[in-house]
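*Asks:* Have a look at this one.
Put into C-alpha cells, the structure is as follows:
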C-alpha cells in the first residue's frame, strides 16, 4: 500500500478513536482562595498515612485523606512511601463470614519507592505522636519510621525541606489510643499530658512558621476514640438464657457496667468463653462461659473512658486555640466521628456508620477507616479549607471511592450486627503503640 | 421546471435526512474526487460535480457527456458536558449516533465551446436527536430537529477563449424543517420546571431560488485558477404545529395547562441559506495536482429562525442566531499512478455561530477535516471511474462561555466521519 495512504489510514483511525469518545463531565474550576496548594505536605498519624485493615499498602495509601485532598487541591506532586502487597505490617484479611474470621496475610509487602531522593510529601506515620514531629528519640520503636522518615531528620525538618505551601497537621489520637487500646485511662507517657502536648504543639507550629513562613495550615482535632468499632463492637452484656447478663472482668470476675467497653482485642478470650458467666455461652463462638473475668487490658470502663475523653477535650481546646491564632483551617474530626457514630453518613441513598465490618466506614482492624471513611475525612478537610481560605476545592466523589478496589464496603442498613474474631489484632495494636513509655528528653 | 424540481427534491428527501457538516448547517461533501482533496476543487474539478464546485470548469471536461452519481454517508457523534448554573456540572448528554446518507447526482454536456450541467445535491442540512429525550436536560430547547434541503442546480458555461471560461446558472433549493421540543412550566409556581407539552413544528417542502456564477482560468497546462459564487436562497415554508399535553398528575395544574395550551394550527418560518464565495488555485505538475481554496460562507444571513403561528400570534417566537461569516481554507493533493489515483487533503473552517448561539439545536464549532481519497478508471478507454473518500472531521470543543441565549451552558464535543463514493461515466 502506498505509504501516504497507509499513514493517512493510521492517523485517521487513531484520531477517530480518540474523537469518538463521549465528552468527560466538567468539574467546577478550582479556586485556591487565600491558600496555595502547589506543594502540599502532610504531617500526621496512621490516618494521614492511609493505614487500613491493620497495615499500610499502596492501594489504601492512595486513598488516604491526604492523598485524596492532594488530588482535589491539584497539588503538583504528592509523593507517598508506597508499599506493595500485602502491606506493612501484613494486612488483615477476611477469611470467612460464618464464623466471621479475620486473620493477617501470610507475607508482608515491601517498600516500592524507598530510593526516592527527596522526602515524601506524605510524612504521616502510623503510630506517630506529636513529639515525633520535633524529636527523633522514639523513632526506633517502629519499622515504619525507617520506611517513611528514613533517618533524614525530624519530620518537621523534612517537611520544611520540601518548601511547602500548604501543610496538614493531624496529631493527638495516638497519645490517647495508646492508653485506651490497653484498657487504661492513664496516659502511657508523661509527655502526653495536655500541658506538655500544648508546649510541643507550640514548638511544632513555631518551627513551621519559621521554616515555611508562607505555608497555610489545616489542623485536625482529635476524635473521641472510644466511639470507634475497636471499643464498640463487643457489648458488655450478653443474653444468657434469655436474660440480659453482664460480662465479667478482672481477677474477681466483677460484672461490667452497661457503659463499660469491651475491646475488640478481647475476641480470642471471648471466643474461649472468658468473660461469660458459667451457664452462658460466648456470643463470639458459642463456647460455654467459664466464669473467668476478662483481663483489665481488654476492658475500658466508664471512668477510664471519662479520663480519656477529658484528655481529648483538653487537646482539642489547645488545637482550637492554635488554629485561631495561626489562621489555620480547623478540621473537626471529633464532630465528624460523632456524626458517623450517632447518625451515620448518608451517601447515595445509603447510610454508613461505625458498625464494625458492616458499617462501611471502618476497616477490619476496627480502628482505621476504609477507603470510604478516608473519603469522608477528605471531604471534611475540603470543607474546612474552603471555608477558611475561600477556596472552591471540589469534594471527593464518595460513590467512586466507596466502590473502587478490592475492599468493597457495604452499608450497614438491614445487616445484623456481627460478633467477629480478629486474629492478630494484638499484633496490630502492638505495632502501633508499643514502646511509647520511653521517657522523652 | 418547478414541478420537476419539486418531484426530484421530494424523492431525494425521502432518503436524505440532513446533517450539518460544514460550518453552520452547510454540507460541502458533494463529490468523492473533490472530497478526497478536502473539497479543494474550485480550480481543478474534473468531473460533473463541477456543477457544484465550479460550473465554468464544465468546458474543460473531456468528452461530451458526463454522469457522476453517488453520495456520502455521514456519521456524527456529539456529546455535551454541562456547567453551572444550568444544566450543572457533571451533566453529560449524548446525541443518538445517526447515519445520514446524502445522495448526489450530476450530469454535464459539452457543446463545442458551450457546456451545461445539472445537479441534484444537498448543500445544507441539519440532523439532531438527543438521547433519552424525556430526561434530556435541554429538552425545552430541542429534542430532535431536521432541516432537509435539496438543491436542483442548472448551469451554463462558455469558453471565452482557451484560457478563460465563465458560467452562470440558477438554483432551486427545496427545504423543510421539523423541530421537536418540550414545553415547560414551573410547578408549583416558582418551583421547578416540569414538562407540560410536546411541541412538534413541521414545515412543508418549499422552494427558494438563487443564482450562481463562476470563472475558470487556465493560463497554461500546469496552472488552473477558479472562482465561484453561489447566491443566497431564502425560503418561507409553512406547515403545522402540533401540541400534545404531558400530564403532570396534578389535576388542577393540568387543567390550567390545558386551558393555556395553543391549539394545533398552521405555522410558518423563514429559512435562510447563505451565499458562498470560493476561489482556488491549482498547480498540476506531471502526475500531481495540488490545490488551495478559500471558501467564504456568508453566514451572517442567518440572523434568526422566526416561528409564526396562524391562530395564536402571541406564541410567535424568533430563535435568535446572529451567525457570522465563516472562512475555510482547503488544501488538497492528487497523485495519479498508472493503476489508480490517490488523494489527500486537509481543511479548516471557522465557526459561524457566536457563543451565544451554540446550542443543542446547532452546536457549531471550528473544525478540522482530514481526507483520504482513492480513484480508478476502468472499462473501454476508462470511460468509467470510481472515486471514494473518507473524511475524519474534528470539530474543536466548543464552550458556550456562559452566555448561551437559552442559559444552557457547557461544552460540546463532536466527531464526524464521512465516507463517500461516486461512479462516473463519460461518453
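Chains as they are written, first to last, in the numbering used here: chain A, 482 to 922; chain B, 4 to 430.
C-beta atoms are modelled at their ideal positions from N, C-alpha and C, and glycine is treated no differently.
From a predicted model like this one, the values you see are computed outputs, not experimental measurements.
Note down, in chain order, each residue of its chain lying with its Cβ closer than 6 Å to the Cβ of residue 12/B, except the 5 sequence neighbours on either side.
*Replies:* Here residue 12/B is taken as the residue at index 9 of the second chain, counted from 1. In this predicted model, residue 12/B has a pLDDT of only 43, less than 50, meaning its place in the structure is not dependable enough to derive any value.
*Asks:* Specify whether the segment 703–721 of chain A and the segment 847–858 of chain A touch according to this definition: at least 3 beta carbon pairs, one from each stretch, less than 8 Å apart.
*Replies:* Yes: the two stretches touch, three or more of their Cβ pairs being nearer than 8 Å.
*Asks:* For residue 157/B, name the three-state secondary structure that DSSP assigns.
*Replies:* On the second chain, residue 157/B is found 154 positions in, with the first residue counted as 1. If DSSP states are grouped into helix, strand and coil, residue 157/B belongs with the strands.
*Asks:* In angstroms, rounded to a whole number, what distance separates the CA positions of residue 539/A and residue 877/A?
*Replies:* In the first chain, the residue the question calls residue 539/A occupies position 58. In the first chain, the residue the question calls residue 877/A occupies position 396. Looking at the two C-alpha atoms, the distance is approximately 19 Å.
*Asks:* My parser needs the alpha helix (DSSP H) runs of 4 or more residues fully inside the segment 779–843 of chain A; what are they?
*Replies:* Counting whole runs of 4 or more residues, the segment 779–843 of chain A contains the alpha helix (DSSP H) stretches 783–807, 814–823.
*Asks:* Tell me which same chain residues have a C-beta within less than 6 Å of the C-beta of residue 701/A, skipping the five on either side of it?
*Replies:* Here residue 701/A refers to the residue found at position 220 when the first chain is read from its first residue. Taken in chain order, the residues that qualify are 651, 812, 814.
*Asks:* Count the other CB atoms, across all protein chains shown, that sit within 10 Å of the CB of residue 291/B; report buried if there are 16 or more and exposed otherwise.
*Replies:* Position 288 of the second chain, counted from the first residue, corresponds to residue 291/B. When all chains shown are included, residue 291/B counts as exposed.
*Asks:* Quick check: what's the CA-CA separation for residue 518/A versus residue 557/A?
*Replies:* Here residue 518/A refers to the residue found at position 37 when the first chain is read from its first residue. Here residue 557/A refers to the residue found at position 76 when the first chain is read from its first residue. Rounded to the nearest angstrom, the two C-alpha atoms are 8 Å apart.
*Asks:* Please look up how many angstroms separate the CB atoms of residue 347/B and residue 358/B, rounded, as I've assumed it's under 8 Å.
*Replies:* Your numbering for residue 347/B matches position 344 in the second chain. Your numbering for residue 358/B matches position 355 in the second chain. About 33 Å separates the two Cβ atoms, so there is no contact after all.
*Asks:* At the 7 Å Cβ level, is residue 352/B part of the contact set with chain A, yes or no?
*Replies:* Within the second chain, the letter at position 349 stands for residue 352/B. By this cut-off, residue 352/B is not an interface position.
*Asks:* If we call anything under 7 Å between Cβ atoms a contact, is residue 530/A one with residue 623/A?
*Replies:* As a first step, residue 530/A is located in the first chain; it is residue number 49 there, counting from the start. As a first step, residue 623/A is located in the first chain; it is residue number 142 there, counting from the start. Against a cut-off of 7 Å, the Cβ pair of residue 623/A and residue 530/A comes out as no contact.
*Asks:* May I have the straight-line CA-CA distance separating residue 913/A from residue 406/B, to the nearest angstrom?
*Replies:* For this step, residue 913/A is matched to residue 432 along the first chain. For this step, residue 406/B is matched to residue 403 along the second chain. About 56 Å.
*Asks:* In its own chain, which residues sit with a C-beta less than 6 Å from the C-beta of residue 810/A, not counting the 5 before and 5 after it?
*Replies:* Numbered from its first residue, the first chain carries residue 810/A at position 329. Excluding sequence neighbours, residue 810/A sits near 699, 865, 866, 869.
*Asks:* Give the single residue among 667/A, 617/A, 645/A whose Cα lies nearest to the Cα of residue 632/A.
*Replies:* Indexing the first chain from 1 puts residue 632/A at position 151. When each option's Cα is compared against that of residue 632/A, the closest is 617/A.
*Asks:* Which chain A residues are close to residue 93/B, counting only those with a beta carbon under 8 Å from its beta carbon?
*Replies:* Along the second chain, one-based indexing puts residue 93/B at 90. The contacting residues are 506, 507, 508.
*Asks:* Classify residue 661/A: buried if its beta carbon has 16 or more other beta carbons within 10 angstroms, exposed otherwise.
*Replies:* Counted from its first residue, the first chain places residue 661/A at position 180. By the neighbour-count rule (16 or more Cβ atoms within 10 Å), residue 661/A is buried.
*Asks:* Going along chain A, which residues have a C-beta under 7 Å from residue 86/B?
*Replies:* To locate residue 86/B, count along the second chain from 1; it is residue 83. Neighbours of residue 86/B on chain A, chain order: 507.
*Asks:* Can you tell me which of the three DSSP states residue 293/B falls into?
*Replies:* On the second chain, position 290 is the one that residue 293/B refers to. Note: residue 293/B maps to strand in three-state DSSP.
*Asks:* Checking contacts by CB at 7 Å: is residue 648/A closer than that to chain B?
*Replies:* Mapped onto the first chain, residue 648/A falls at position 167. Answer no: the Cβ-Cβ gap between residue 648/A and chain B never drops below 7 Å.
*Asks:* Which residues in chain A sit within 7 Å of residue 416/B, going by Cβ to Cβ distance?
*Replies:* In the second chain, the residue the question calls residue 416/B occupies position 413. Near residue 416/B (Cβ distances below 7 Å), the residues of chain A are 504.
*Asks:* Using CA atoms only, rank isn't needed, just tell me which of 907/A, 819/A, 674/A is closest to residue 799/A.
*Replies:* On the first chain, residue 799/A is found 318 positions in, with the first residue counted as 1. Considering only alpha carbons, the answer is 674/A.
*Asks:* Sorted by chain position, which residues of the same chain lie with C-beta nearer than 6 Å to residue 861/A's C-beta, five sequence neighbours on each side aside?
*Replies:* As a first step, residue 861/A must be located in the first chain, where it is residue number 380. Around residue 861/A: 812, 817.
*Asks:* Apart from the five residues on each side of it in sequence, which residues of its chain come closer than 6 Å, Cβ to Cβ, to residue 356/B?
*Replies:* Within the second chain, numbered from 1, the residue matching residue 356/B stands at position 353. Cβ neighbours of residue 356/B beyond the five flanking positions: 326, 367.
*Asks:* So for residue 428/B, helix, strand or coil by DSSP?
*Replies:* Residue mapping note: residue 428/B aligns to position 425 of the second chain, counting from 1. It is a strand residue.
*Asks:* From the beta carbon of residue 894/A, is the nearest beta carbon of chain B less than 7 Å away?
*Replies:* Here residue 894/A corresponds to residue number 413 of the first chain, with the count starting at 1. Bear in mind that the predicted position of residue 894/A carries a pLDDT of just 43, short of 50, making it unreliable; the figure below should be weighed with that in mind. No - not a single Cβ of chain B is within 7 Å of the one on residue 894/A.
*Asks:* Check the Cβ of residue 97/B against every Cβ in chain A and list those closer than 7 Å, keeping chain order.
*Replies:* Residue mapping note: residue 97/B aligns to position 94 of the second chain, counting from 1. What residue 97/B touches in chain A: 503.
*Asks:* Strictly below 7 Å CB to CB, what residues from chain A border residue 49/B?
*Replies:* Within the second chain, numbered from 1, the residue matching residue 49/B stands at position 46. Here the premise fails: no neighbours, minimum Cβ distance about 20 Å.
*Asks:* Is the number of C-beta pairs between the segment 723–732 of chain A and the segment 766–780 of chain A that are closer than 8 Å three or more?
*Replies:* Enough Cβ pairs lie closer than 8 Å, so yes.
*Asks:* Taking CB distances under 7 Å as the criterion, tell me whether residue 206/B reaches chain A.
*Replies:* Counted from its first residue, the second chain places residue 206/B at position 203. Judged by the 7 Å Cβ criterion, residue 206/B is not in contact with chain A.
*Asks:* Who are the near neighbours of residue 770/A in its chain, counting only those whose CB is closer than 6 Å to its CB and skipping five residues on each side?
*Replies:* Numbered from its first residue, the first chain carries residue 770/A at position 289. Excluding sequence neighbours, residue 770/A sits near 754, 757, 758, 759, 761.
*Asks:* Short of 7 Å in beta carbon distance, which residues of its chain neighbour residue 705/A, apart from the five on each side in sequence? Order them along the chain.
*Replies:* Your numbering for residue 705/A matches position 224 in the first chain. Correct list, in chain order: 790, 793, 815, 818, 819.
*Asks:* Across the segment 584–603 of chain A and the segment 552–572 of chain A, are there enough close Cβ pairs to call them in contact, namely three or more that are closer than 8 Å?
*Replies:* Yes: the two stretches touch, three or more of their Cβ pairs being nearer than 8 Å.
*Asks:* When the distance is taken between beta carbons, is residue 664/A closer than 7 Å to residue 909/A?
*Replies:* In the first chain, counting from the first residue as 1, residue 909/A sits at position 428. In the first chain, counting from the first residue as 1, residue 664/A sits at position 183. Cβ distance not < 7 Å, so residue 909/A and residue 664/A don't count as in contact.
*Asks:* Looking at residue 692/A: is its Cβ nearer than 7 Å to the Cβ of residue 641/A?
*Replies:* In the first chain, counting from the first residue as 1, residue 692/A sits at position 211. In the first chain, counting from the first residue as 1, residue 641/A sits at position 160. Yes, these two residues count as a Cβ contact at 7 Å.
*Asks:* Since residue 226/B sits in a beta bridge, which residues does DSSP pair it with?
*Replies:* In the second chain, counting from the first residue as 1, residue 226/B sits at position 223. Per DSSP, 223/B, 286/B.
*Asks:* Should residue 330/B go down as buried or exposed, given a rule of 16 or more other Cβ atoms within 10 Å for buried?
*Replies:* Position 327 of the second chain, counted from the start, is the residue given in the question as residue 330/B. When all chains shown are included, residue 330/B counts as exposed.
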